[in-house]
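What follows is a single structure, written as structure tokens, with notes after it.
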Amino acid sequence: MVENKLSSLPLKILVTLNNTQSDIELARRVENNVSEAVDFFLNRLSRPMLEYIGKNIMNCSGEYREGAVCYSPSIYGEYYEFISSPIIGCIPQWHKLSLYQGKNGARLLSYTTTITVRYFIKIRNKELEEEKKKSTVSLQENPEVETLIKYNYFDGESLSEESVELRWAWRKLSEKDREVLSLLVIDEIPPIEAFDTLIKYVERETPNTMLTTSQKQTMMSLLKHRAKKHLLSLIFLYRKKYHK
Amino acid sequence: MMKNLIKDSELIAYIEDKMTPEEERSLITRLKENGELDILYHLKEAWYESMSDFADEWLGKDNDMQSNTSPILMAAKGKLI
């Protein structure tokens, strides 16, 4: 019933629903090669992810497009072949999208990001192996990865004893970021349970009662990720300031 | 050496913050043993990049990463975190 209703919605309305059911419907339209849906999927939904992959995983040199540096054009063809395969008689079959079922509430963007990042990391590693070069983004050589994992979890004890840089960064963090990290990282409260406390940091017009669990979860994830970015940036600032 | 099997569904749960701390620690351990730890970093960053419009809409612009006088931005310059 829901499926029938969704299938008749115009694309621009469908994508504003922003939930798993609308993701499944979008994937089905792409599978059916509905050109408007294909264009949205490739050029709107996938573009920011491809920009990130082009720049940070494949280390592509940027191209100027409409006054801005873009990193996605160099990998766009490879991505298209990967995500739309197999292509039979010039018609893409989109097998990978046909596997997307929204299982456990997984969003289409998360699914696409996961399989695509894994694919390009594999390509990058193969290229590096062929060149007999050591990966420039290995754990040992990438301070961002190392620091992210080091501080993926920390607790009250780490803040008071273990790490000088962490303590320094923590003091410089905004009260908001400290509250977010205290709940979601130190106390390890599941994002959905922290929602009522942290919702004050989310600006939106939709009343809480209208938000789906998945939307609440995403909001909390974004809040946590942003706070972590701030903390890690401050840790790097500390290292810059007091070492070397 | 045999690599640990890492399912796509686990990585999806990781980026959507749907794992328990124990599940997340187990994932990190297995990826570390595989020498593939950087995938977690790239997944989160690529996902966040894709979600940046929603983040701005829901959380407001990230002033800490945009103001020219922000120590966070100064630290981040030339260093993508």
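Chain order of the listed sequences is A and B. The numbers in the first sequence follow my numbering, run straight up by one, and end at 244. The numbers in the second sequence follow my numbering, run straight up by one, and end at 1081. Where a beta carbon is used, it is the ideal one built from N, C-alpha and C, also for glycine.
Three-state secondary structure (DSSP) of residue i
| i | result |
| --- | --- |
| V69/A | strand |
| I91/A | strand |
| V117/A | helix |
| M58/A | coil |
| E25/A | helix |
| I1049/B | The question names Ile, yet the displayed sequence has Glu at residue 1049/B. Note: E1049/B maps to helix in three-state DSSP. |
| M1019/B | coil |
| T212/A | coil |
| G105/A | helix |
| M1002/B | coil |
| E141/A | The predicted position of E141/A is uncertain, since its pLDDT is 49 and thus under 50; a value taken from the coordinates is nonetheless stated next. The answer is coil: DSSP assigns E141/A none of H, G, I, E or B. |
| S1070/B | Reliability fails at S1070/B, whose pLDDT of 47 lies under 50, so the model's placement of it is uncertain and the value that follows must be treated cautiously. Of the three classes helix, strand and coil, the one that applies to S1070/B here is coil, per DSSP. |
| Y242/A | helix |
| V202/A | coil |
| N18/A | coil |
| S135/A | Model confidence at S135/A stands at a pLDDT of 48, short of 50, so the residue's coordinates are unreliable; what they give is reported in the following sentence. Looking at S135/A - three-state DSSP - the assignment turns out to be coil, as it is neither helix nor strand. |
| E1036/B | coil |
| N33/A | coil |
| S1009/B | helix |
Check whether residue i and residue j have beta carbons under 8 Å apart
| i | j | result |
| --- | --- | --- |
| S221/A | E1016/B | yes |
| I246/A | K96/A | Outside the displayed range of chain A (1 to 244) lies residue 246/A, so it cannot be described from this structure. |
| I1039/B | V117/A | yes |
| C70/A | G77/A | no |
| Y100/A | A37/A | no |
| G1060/B | E203/A | yes |
| T113/A | W1058/B | no |
Residue from the options with nearest C-alpha to residue i
| i | options | result |
| --- | --- | --- |
| M1019/B | N32/A, S233/A and E188/A | E188/A |
| E25/A | E175/A, I53/A, A227/A and L108/A | L108/A |
| K224/A | F236/A, P191/A and K240/A | P191/A |
| W168/A | L237/A, I83/A and I91/A | L237/A |
| A194/A | V202/A, L184/A, Y201/A and R29/A | L184/A |
| I235/A | R171/A, D196/A, Y242/A and L166/A | L166/A |
| P73/A | S84/A, G89/A, P92/A and N43/A | N43/A |
| N1004/B | I1039/B, E1024/B, T1029/B and D1062/B | T1029/B |
| P1021/B | M49/A, I186/A, T112/A and S46/A | I186/A |
| T212/A | G105/A, L232/A, E129/A and A68/A | G105/A |
| Y1041/B | T197/A, N56/A, D196/A and I13/A | N56/A |
| E1084/B | E1010/B, E1045/B, S1052/B and G1060/B | This structure gives no information on residue 1084/B, because the portion of chain B shown stretches from 1001 to 1081. |
| L50/A | E66/A, Y79/A and E129/A | Y79/A |
| E81/A | C70/A, E63/A and F120/A | F120/A |
| Y242/A | V164/A, R204/A and T209/A | V164/A |
| P92/A | S182/A, E131/A and R29/A | R29/A |
| R47/A | K122/A, S35/A and I75/A | I75/A |
| T16/A | F40/A, K126/A and S35/A | F40/A |
| V34/A | T20/A, P10/A, N18/A and G54/A | P10/A |
Beta-bridge partners of residue i, as assigned by DSSP
| i | result |
| --- | --- |
| Y64/A | V69/A |
Legend entry - Contact list for the region 1027 to 1045 of chain B against chain A, Cβ threshold 9 Å: Those would be I1028, K1032, G1035, E1036, L1037, D1038, I1039, L1040, Y1041, H1042, L1043, K1044 and E1045, in chain order.
Inset, instruction - Mind checking the region 53 to 78 of chain A against chain B and listing, in chain order, the residues whose C-beta falls within less than 9 Å of any C-beta there? - result: I53, K55, N56 and I57
Inset, instruction - Output, in sequence order along the chain, the residues in the region 221 to 232 of chain A whose CB is closer than 7 Å to any CB in chain B. - result: S221, L222, L223, K224, H225, R226, K229, H230 and L232
Legend entry - Near-chain B residues of the region 91 to 114 of chain A - C-beta to any C-beta below 8 Å: K103, N104, G105, A106, R107, L109, S110, Y111, T113 and T114
Inset, instruction - Taking a Cβ distance cut-off of 8 Å, strictly less, list which residues of the region 199 to 211 of chain A are near chain B, in chain order. - result: Going along the region 199 to 211 of chain A in chain order, one finds Y201, V202, E203 and R204 with a Cβ nearer than 8 Å to chain B.
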